[in-house]
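The block underneath contains the structure these notes are about, expressed in structure tokens.
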Amino acid sequence: MKVFISCPFTGLCEEENYVVKKEYQPFFENLINLITNKGFDYYLAIKRENWGVDHKGPQECTLSDYEGIKSSDAIIVIPGNHLSKGISGGVHIELGWASALKKDLHILVEDNFMYSPVVMGLDTLTNTKYYKCNDFLNDSMLQTISGILDGLNEV
């Protein structure tokens, strides 16, 4: 089974380039280890682009992300928050692709954060589960994702 991790990228980068800030890299390393240790394949643009060091242009990353969605069985969504400069526009695009392709969506949402009604209504289009997660890019978020992965293994 393959999972696509839809999460902010540009909003987590240094101001002067497309490289993910060092403070966020350990979370993604731990996330990759969690996914692979549970026996899943994955797609994560941040890893594909080597933290942004090998930054891809719009055409290449758009096609790659779309193909990643198409080839995945489930999408785990970290929409973003104030730490990532808001909810990621790229995540919104990926949600559109995934819902049109009838992919299973697992969306992490925070209390006291306003999400578009369209995001909160995706369960009318495809199998969508929402998970309360008031933590961002930390061990508690990894625990939430671990639970999602365990549920996918039971299917």
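Just so we're on the same page, the working numbering is the position in the sequence shown counted from 1, plus 1. A virtual CB, placed ideally from N, CA and C, is assigned to each residue, including glycine.
Whose C-alpha, out of the options, is nearest the C-alpha of residue i?
i, options, result
"M2", "G40, P9, I33, V119", "G40"
"G53", "K104, I76, L153, F10", "F10"
"L138", "L150, Y43, E24", "E24"
"L153", "E111, M121, E16, L106", "L106"
"S100", "N135, F28, D124", "D124"
"K104", "V119, F29, I77", "I77"
The beta strand (DSSP E) that contains residue i, what's its start and end?
i, result
"L106", "105-110"
"S117", "Unbroken run through S117: none, as it is neither H nor E."
"T145", "Not the beta strand (DSSP E): T145 falls in the alpha helix (DSSP H), residues 140-154."
How about residue i and residue j: are their beta carbons less than 8 Å apart?
i, j, result
"S7", "I79", "yes"
"A46", "D66", "yes"
Please report the distance separating the alpha-carbon of residue i from that of residue j.
i, j, result
"S141", "D151", "15 Å"
"T34", "L109", "One detail in the question is off: residue 34 reads as Asn in this sequence, not Thr. Those two C-alpha atoms are separated by around 19 Å."
"F28", "N82", "16 Å"
"K71", "S89", "20 Å"
"D130", "M121", "It should be pointed out that residue 130 corresponds to Lys in this sequence rather than to Asp. Going by the C-alpha atoms only, they are around 10 Å apart."
"H56", "E50", "5 Å"
"K86", "E16", "11 Å"
"G12", "L84", "8 Å"
"L143", "Q60", "31 Å"
"V20", "I36", "23 Å"
"G97", "L126", "10 Å"
When DSSP builds the beta bridges, which residues end up paired with residue i?
i, result
"S7", "V78"
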